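Notes follow the structure.
Protein chains: 2
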Amino acid sequence: MSNKSAQEMAPAEVRALIRSGEWNVNTSGISSGYVQGNIVILPKSWADDFLKFCQMNPKPCPIVGMSDNPGDFMLSSVGDDVDIRTDVPSYKIFRDGKVVDEVTDIRDVWQDDLVTFVLGCSFSFEEALVADGLEIRNVTEKVNVPMYRTNIECRTAGPFSGTTVVSMRPMKPKDAIRAIQICTRFPSVHGAPLHFGDPESIGIKDINQPDFGDAVTIKEGEVPVFWACGVTPQVALEQAKPPLCITHSPGCMLVTDLRNSQLAVL
Amino acid sequence: MSNKSAQEMAPAEVRALIRSGEWNVNTSGISSGYVQGNIVILPKSWADDFLKFCQMNPKPCPIVGMSDNPGDFMLSSVGDDVDIRTDVPSYKIFRDGKVVDEVTDIRDVWQDDLVTFVLGCSFSFEEALVADGLEIRNVTEKVNVPMYRTNIECRTAGPFSGTTVVSMRPMKPKDAIRAIQICTRFPSVHGAPLHFGDPESIGIKDINQPDFGDAVTIKEGEVPVFWACGVTPQVALEQAKPPLCITHSPGCMLVTDLRNSQLAVL
Chain A
1 MSNKSAQEMA
11 PAEVRALIRS
21 GEWNVNTSGI
31 SSGYVQGNIV
41 ILPKSWADDF
51 LKFCQMNPKP
61 CPIVGMSDNP
71 GDFMLSSVGD
81 DVDIRTDVPS
91 YKIFRDGKVV
101 DEVTDIRDVW
111 QDDLVTFVLG
121 CSFSFEEALV
131 ADGLEIRNVT
141 EKVNVPMYRT
151 NIECRTAGPF
161 SGTTVVSMRP
171 MKPKDAIRAI
181 QICTRFPSVH
191 GAPLHFGDPE
201 SIGIKDINQP
211 DFGDAVTIKE
221 GEVPVFWACG
231 VTPQVALEQA
241 KPPLCITHSP
251 GCMLVTDLRN
261 SQLAVL
Chain B
1 MSNKSAQEMA
11 PAEVRALIRS
21 GEWNVNTSGI
31 SSGYVQGNIV
41 ILPKSWADDF
51 LKFCQMNPKP
61 CPIVGMSDNP
71 GDFMLSSVGD
81 DVDIRTDVPS
91 YKIFRDGKVV
101 DEVTDIRDVW
111 QDDLVTFVLG
121 CSFSFEEALV
131 ADGLEIRNVT
141 EKVNVPMYRT
151 NIECRTAGPF
161 SGTTVVSMRP
171 MKPKDAIRAI
181 QICTRFPSVH
191 GAPLHFGDPE
201 SIGIKDINQP
211 DFGDAVTIKE
221 GEVPVFWACG
231 VTPQVALEQA
241 KPPLCITHSP
251 GCMLVTDLRN
261 SQLAVL
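In the order they appear, the protein sequences are chains A and B. Start counting the first sequence at 1; every next residue gets the next number (this note's numbering). Start counting the second sequence at 1; every next residue gets the next number (this note's numbering).
Structure (structure tokens):
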């Protein structure tokens, strides 16, 4: 492993380490400035409906890249030498909606009909917010962002349906206004928040008991601000129960060659 | 007067009616799509500091046009034939900070050292919000928007200082997020809101008792959203007490040839 910090390493270097088995953990904070993606891999017969689900629910399921053709394991749309079978530090394999294995290489389960989706994640917009001087509480408190199931229905596509999962970051109102402006520039990493303030009005019973991730401190004068979250498609996948589905393990993302700034529409 | 509705009349037609004395009332809703401006006229010796005050406090005091030179009464920057001495339906004349007269023509008080400022007003962004399908409560309830003094200090320039006055429109959080996106495109008509939610945190004691304008209904599930307001410079002027100052009368604005859409930065 080189002497460079993981934060400074180019995405291709990181992927080479992952491919060789030298890196099989969390990718948080590595290759700063580059897009990391959530991974969903499905058989072609399920992938068409999943693509439609993402298209109909772009805030929780923003696609930043996908296979050119079924069976392609080289993902040219997100990087020069990305082999999706080996370049993610850890994979979860689901059969009929249940996790059956967690592995660091999927070459032996690869099929000619598999389609890969790379979905944008909040790492990209958090970087833009921090760069603007805003405090991100889950970063400051060094925990996973709190995530909640809501009553906001997704639009259904074939077997894929469910309600939206949101992530929450508490902010002062004036910082929330600035965050809305910044995140509006990044529609492919969840875009502007969906809601702020009263948790109950979107079906969240107890803000201190997230359904996923960790609770964070909400200070006096702050309001919870809610973004659509990439856990939404995972929940839809678990409900749909495809015969085979492969995802990244939590926090172990694909590091792409796309720069976060390239996702900005303005 | 023509048979066209006031809403459809071109700004030049409206100004001709005003100049001839046939129109001396509120300009709300006329020449739809065109920018209406707040007017401030000051002697050159005070105008330099007022310009600096506007520059330092652009959210409450956004300049959309001003005289090319002191003494110029034709305002070429905002329209083809705008004579600021006759083209506003009603003027207030202040001497030493006190209203001394309300008139429909200022040709006889005009001086060679007078400088005119045209400041953006909320009519322009309200039009953009309504066009997007959002409800503006003061429009629906046919009253003046509620306005409040806050504890948000303006930056001081010479004799001009004070706190920011805000206007308030109640919205559901998801509409407030959309309003922030839309208003961000219009920095010269107050731009994005300054605050939402808790009124007390910006020094507003009772949301049902506005300092200017009328109270509006805040429904269950709505939050008050606060924008910087053009009354801010009026308060600063009253405190500064210049020997002469001329403004429009409330609601009786200058109708310019600029289109609201031209104020959009994106």
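Glycine included, each C-beta is placed from N, C-alpha and C at the ideal position. Just so you know, these numbers come straight off a predicted model, no measurement behind them.
Nearest CB-CB separation between V109(B) and chain A: not below the 7 Å threshold. In the DSSP assignment, Q55(A) falls within the alpha helix (DSSP H) that extends over 44-56. Restricted to the stretch 132-210 of chain A, the alpha helix (DSSP H) segments that are unbroken, complete and at least 4 residues in length are 137-140, 173-184, listed in chain order.
Per DSSP, reduced to three states, the secondary structure at V118(A) is strand. Setting aside the 5 residues that flank it on each side, F186(B) is surrounded in the same chain by S124, F125, A128, L263, A264, each with a C-beta closer than 7 Å to its C-beta; the list follows chain order.
Beyond the five residues adjoining it in sequence on each side, A228(B) comes within less than 7 Å, by CB distance, of K59, P60, T164, V166, H190, L194 in the same chain, given in chain order.
Residues of the stretch 53-65 of chain A that bring their beta carbon within less than 8 Å of a beta carbon in chain B are absent altogether. Around A6(A), the same chain offers I30 as residues with beta carbons nearer than 6 Å, after the five sequence neighbours per side are excluded.
For T184(B), the residues of chain A that pass the 7 Å Cβ criterion are Q181, in the order they occur in the chain. Residue-level contact check: A128(B) does not touch chain A, since none of the beta carbons of chain A fall below 7 Å from its beta carbon.
Note on P243(A): under 16 other CB atoms within 10 angstroms of its CB, so exposed under the neighbour-count rule. F50(B) and T140(B) have their C-alpha atoms spaced approximately 35 Å apart. Apart from the 5 residues on each side of it in sequence, G71(A) sits with its Cβ closer than 7 Å to the Cβ of D112, D113, L114 in its chain, given in chain order. Judged by their CB atoms, Y91(B) and I246(B) are nearer to each other than the 7 Å cut-off.
For K142(A), the closest C-alpha among the options S28(A), V14(A), K52(A) is that of S28(A). Between G251(A) and N26(A), the alpha-carbon positions lie close to 5 Å from each other. The three-state secondary structure of N38(A), taken from DSSP, is strand.
Comparing C-alpha distances from G79(A) to each of E153(A), P89(A), V64(A) shows the shortest one belongs to V64(A). Inclusion of M168(B) and F226(B) in the CB contact set at 7 Å is warranted, their separation being smaller than that value. In this structure, the CA atom of L119(A) is about 26 Å from the CA atom of I207(A). Contact check for I204(A) against I180(B) fails: the beta carbons are separated by 7 Å or more. Counting only runs of at least 3 residues, the stretch 51-99 of chain B fully encloses the following beta strand (DSSP E) elements, listed from N- to C-terminal order: 63-66, 91-95. Within 10 angstroms of the beta-carbon of Q239(A) lie fewer than 16 other beta-carbons, which makes it exposed. The beta carbon of I39(A) sits closer than 8 Å to the beta carbons of I84, V88, Y91, T116, F117, V118, L119, I246, T247, H248, M253, L254 from its chain, once the five residues preceding and following it are set aside; these are given in chain order. The C-beta of M9(B) has 16 or more other C-beta atoms within 10 Å across all chains shown, which makes the residue buried. Below the 7 Å Cβ cutoff, chain A contributes G221 as neighbours of S201(B), in chain order. Contact check for P170(A) and A215(A): beta-carbon distance about 11 Å, past the 8 Å limit, so the pair fails to qualify.
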